[in-house]
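K.L.:
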Amino acid sequence: LNAINLNMNAIENCNDNDIIILKQAIIAFYKLLPFIEANFQVVEQRCILLNKLITLIEFYNNDDIKLHTLQCLVEIARLYYNYLHNEMNNIAPIVCKYMKHANMKISIQAIEFWCSLTEKEQALHVNDISSKYENEIFIAIQEVFLNRNIAIEKTIIDEYTPLHASTYLIIS
5 LNAINLNMNA
15 IENCNDNDII
25 ILKQAIIAFY
35 KLLPFIEANF
45 QVVEQRCILL
55 NKLITLIEFY
65 NNDDIKLHTL
75 QCLVEIARLY
85 YNYLHNEMNN
95 IAPIVCKYMK
105 HANMKISIQA
115 IEFWCSLTEK
125 EQALHVNDIS
135 SKYENEIFIA
145 IQEVFLNRNI
155 AIEKTIIDEY
165 TPLHASTYLI
175 IS
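Mapped onto this note's numbering, the consecutive letters of the sequence shown carry residue numbers 5 to 176.
1. Is there contact between the stretch 107-126 and the stretch 74-92, where contact requires at least three CB pairs shorter than 8 Å?
2. Going by DSSP, what residue range makes up the alpha helix (DSSP H) through LYS101?
3. Counting C-beta neighbours from all protein chains within 10 Å, is the total for LEU71 16 or more, i.e. buried, or is it exposed?
4. Can you grab the Cα-Cα spacing for the pair HIS105 / SER111, in whole Å?
5. With a threshold of 16 other CB atoms inside 10 Å of the CB of ILE52, please say whether the residue is buried or exposed.
6. Can you tell me where the alpha helix (DSSP H) with LEU57 in it begins and where it stops?
7. Run through DSSP, which three-state label would CYS3 get?
8. Could you give the distance in angstroms between the alpha-carbon of MET92 and the alpha-carbon of VAL46?
9. What do you get for LYS35, buried or exposed, if any count of 16 or more other CB atoms within 10 angstroms of its CB means buried?
10. Less than 7 Å separating the beta-carbons of VAL99 and PHE117?
11. How many whole angstroms separate the CB atoms of LEU77 and LEU57, which I take to be in contact at a CB cut-off of 8 Å?
12. What does the Cβ neighbour count give for PHE33, buried or exposed, with the cut at 16 atoms within 10 Å?
13. Please state if the CB of LEU88 and the CB of GLN113 are separated by a distance shorter than 7 Å.
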């Protein structure tokens, strides 16, 4: 985990090789997530890991970095819901922002974060987190519908789009 964490540092003026290494470090972190619950139980370690992801998604103007970082956040929502309460003030605005991203894959991952969170809440019969951010979520969903509605006629029916993901989130 330490080696991956070191390779996930934000670097100014990075080159293509740095981006490749960073992307691979994020992918390795994603694969490691099921095995690091002990790290999420410790507040300081959890904060470091989540702040690192937030920094990466905001710092780099690279769609692959954003996509893989959001995939990590989705998996964290699935695995470590119980540890996210105190961190959501930092995570929620970022995820809502990327729900409206022009890249459909990034948008879908951001919406998938909320879907995973609400599925976990339904399984636990609570709505502690999603209810606090429902206004921000629905504003972002509205923008997804408004921005993507124009292109809906051109969308392949079987293609999973932000519109489909938003609809699923509303239903859940």
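Quick reminder that beta carbons are idealized off the backbone N, C-alpha and C, glycines included.
P.N.:
Short version:
1. Touching, yes, given that three or more Cβ pairs across the two stretches are closer than 8 Å.
2. Looking at the DSSP string, the run of the alpha helix (DSSP H) that includes LYS101 is 92-103.
3. By the Cβ neighbour-count rule, LEU71 is buried, with 16 or more other Cβ atoms within 10 Å of its own.
4. For the pair HIS105 and SER111, the Cα-to-Cα distance works out to about 5 Å.
5. With fewer than 16 neighbouring CB atoms inside 10 Å of its own CB, ILE52 falls in the exposed class.
6. In the DSSP assignment, LEU57 falls within the alpha helix (DSSP H) that extends over 47-63.
7. Because residue 3 is not part of the residues shown, which for the chain are 5 to 176, the question remains open.
8. Within the model, the alpha-carbon separation for MET92 versus VAL46 is close to 16 Å.
9. By the neighbour-count definition (other C-beta atoms within 10 Å, threshold 16), LYS35 is an exposed residue.
10. Yes, the Cβ-Cβ distance between VAL99 and PHE117 is below 7 Å.
11. Right, their Cβ atoms sit about 6 Å apart.
12. Counting every other CB atom within 10 Å of its CB across the protein chains shown gives PHE33 a total of 16 or more, marking it as buried.
13. For the 7 Å CB-CB criterion, GLN113 and LEU88 do not form a contact.
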